[in-house]
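The numbering of the sequence shown is the numbering used here, which starts it at 7 and goes up by one.
I have placed the structure first, in the form of structure tokens, so that the comments after it can refer back to it.
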Amino acid sequence: MELKVEKSNALKAWRETDNRGKALLEKLYPNVNFNNQSIMDRVKTYEDACAELGETQIDEVACRELGLNKNDIAYLKLAQIVRALNEGWVAKVYDEEKRYYPWFRHNGSSAVFRFDGSYYDCSGARAGSGSPLCFKSKELSDYAGVQFLDFWKEFIV
């Protein structure tokens, strides 16, 4: 009997196990490069972001019982996603480093909400992103703006 394991499942198992488990997987699958995974390959869902951070998912029922609304809950989830994608990078608010934000177009209809691009140093009086929800690179901001569009829509609209 032959056991076939999808590469994506082996990579996910490697990310979620301890050092002994990692060593075992590396020995079982010597042709798989476990260490060279892009964060964008590892974080495709909110659940992936929580796993990457080693955090539990937001308990929406408990949040609602505390009086939080859907926008608040979406913000909390986005904050976890942003932390996971930034891999430990935290923006220095008073430094001159660039911070990238996804921007969105919305015409008032809940059906029309789309990613519009990523920008840095935006200082106009337009609402579009909470300042802590920023990224260390344009590439990550673009990715998050598209991949997690539903969360952004829930937060903003």
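Just so you know, even glycine gets a beta-carbon here, dropped at the ideal spot from N, CA and C.
Only a predicted model underlies this, so the values are computations on that prediction, with no experimental measurement involved.
Going by DSSP, what residues sit across from residue i in a beta bridge?
i: residue 119; result: 112
i: residue 125; result: 107
i: residue 141; result: 106
Report, in whole angstroms, the separation of the C-beta atoms of residue i and residue j, which I expect to be a contact under 8 Å.
i: residue 38; j: residue 16; result: 6 Å
i: residue 141; j: residue 80; result: About 17 Å; that fails the 8 Å criterion.
How many Å lie between residue i and residue j at the Cα?
i: residue 26; j: residue 87; result: 27 Å
i: residue 145; j: residue 74; result: 31 Å
i: residue 163; j: residue 19; result: 36 Å
i: residue 21; j: residue 52; result: 15 Å
i: residue 125; j: residue 106; result: 5 Å
In this structure, does DSSP put residue i in helix, strand or coil?
i: residue 35; result: coil
i: residue 15; result: helix
i: residue 154; result: coil
i: residue 10; result: coil
i: residue 24; result: coil
Exercise. Mind pulling the beta strand (DSSP E) runs of 3 or more residues that sit fully within the segment 46 to 114?
Worked result: 106 to 112
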